[in-house]
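Here's the structure we're looking at; comments come further down.
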Amino acid sequence: MSLQSNEQLLHDRVNLTRLVRRLDKTVAVPDWDKENVLDAQIKTQGMLQKVKFARKLLGNVEVYDDMDESGKYRAQHAELRRTLERIEQAVVAADQRATKPLSRPPPILPTIPLPPPSARGLEPISVPKTAGANGETTSLPSEVDLLLGATEDAIPPAATAEASAPEPEPTLDPVSPTFLPSRPKPAPNPSESISEKPALLQNSAAVHEELTSELARMAAQLKANATYFSGALEKDKIALEGAEEKITSNLDAMTKERVRLRDHRGKSMGTTCLTVTSIVVVLVSFVIMFFIIRFTRR
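Going letter by letter, the sequence shown gives residues 4 to 301 in the working numbering.
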């Protein structure tokens, strides 16, 4: 096992022991969860996360300690696991007590009263009464009955009595909702329509003139930009031509100097070799003459 693994194992074992001891002390305190609903729920969720982290540390420690053949840590691991299970059960129970069940509020739509006919854009109409066969008066269904479809309440008592008789039921024409008065759409005033046309033409002409002036301004700006850029390009072209001439002249001068240096190097090499050869010959001649004079004097 490497040094880093040993240090990580030591850190996990120390952190696991401290974390389990701290959680056990927190749960052992009486009325530790008797707080506000929100505070208690936040506290229990945090403790559940700590229990989860402690289980992860215990798993890491068990992986390393299973390699030990002595098994001296197995009892300690079992005790820690039982403690974590007991703490988790207590925290889960407290979290369930702190969590309020979600209930749907009662609907308010049935409590809203139906708006009057004037608010719905309908005008109340007078319902004519018709005389029945026995001299009884019957009334047509009201507007609310027509809108809500309450056909059973709209049937008059006389019609109910006749329907219960053995005679065949008379066919009644259903009251159509088209009996309700409809508001006619106001006809457009010819003078207003005639006066609106010149206004529209004036607005369109003003917009057209504004767009034309804007386009003319943009064209003038583009022309000025083109003129400026063309002048700048001409200046750059002149500068590039001058630089090209200078570079060409420098190239010719460097070529001539290169040829001259090559010729001078050849001449200098020949002169150097001749000078060195002369010096060597003179030295050799001097040595020979010295030895000749030295040995011939005897």
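Virtual Cβ for every residue (Gly too), placed ideally from N, Cα, C.
- Per DSSP, the unbroken alpha helix (DSSP H) holding Thr86 starts and ends at Arg77 to Ala101.
- With contacts defined as CB atoms closer than 8 Å, Ala57 and Leu87 qualify as a contacting pair.
- By the neighbour-count definition (other C-beta atoms within 10 Å, threshold 16), Met257 is an exposed residue.
- In the displayed model, Arg58 falls within a helix according to three-state DSSP.
- Beyond the five residues adjoining it in sequence on each side, Val23 comes within less than 7 Å, by CB distance, of Ala57, Leu83, Thr86 and Leu87 in the same chain, given in chain order.
- In this structure, the beta-carbon distance from Ala43 to Ala96 does not fall below 8 Å.
- In the three-state scheme derived from DSSP, where H, G and I count as helix and E and B as strand, Arg297 is classed as helix.
- Within a 10 Å sphere around the beta-carbon of Thr278 sit fewer than 16 other beta-carbons, which makes this residue exposed.
- Collapsing the DSSP output to three states places Ile282 in a helix.
- Its Cα nearest to that of Thr47, the residue Ala93 stands out among Phe298, Leu204 and Ala93.
- Secondary structure at Val210: helix, using DSSP grouped into helix, strand and coil.
- Across the structure, Asp27 and Tyr67 are spaced so that their CA atoms are roughly 25 Å apart.
- In its own chain, leaving out the 5 sequence neighbours on each side, no residue places its CB closer than 8 Å to the CB of Gln224.
- Ranked by how close their Cα comes to the Cα of Val54, the residues Arg25, Gly234, Ala78 and Met272 have Arg25 in first place.
- The DSSP-derived three-state label of Arg107 is coil.
- Excluding five sequence positions before and after Tyr76, the CB atoms of its chain that fall closer than 7 Å to its own CB belong to Asp68, given in chain order.
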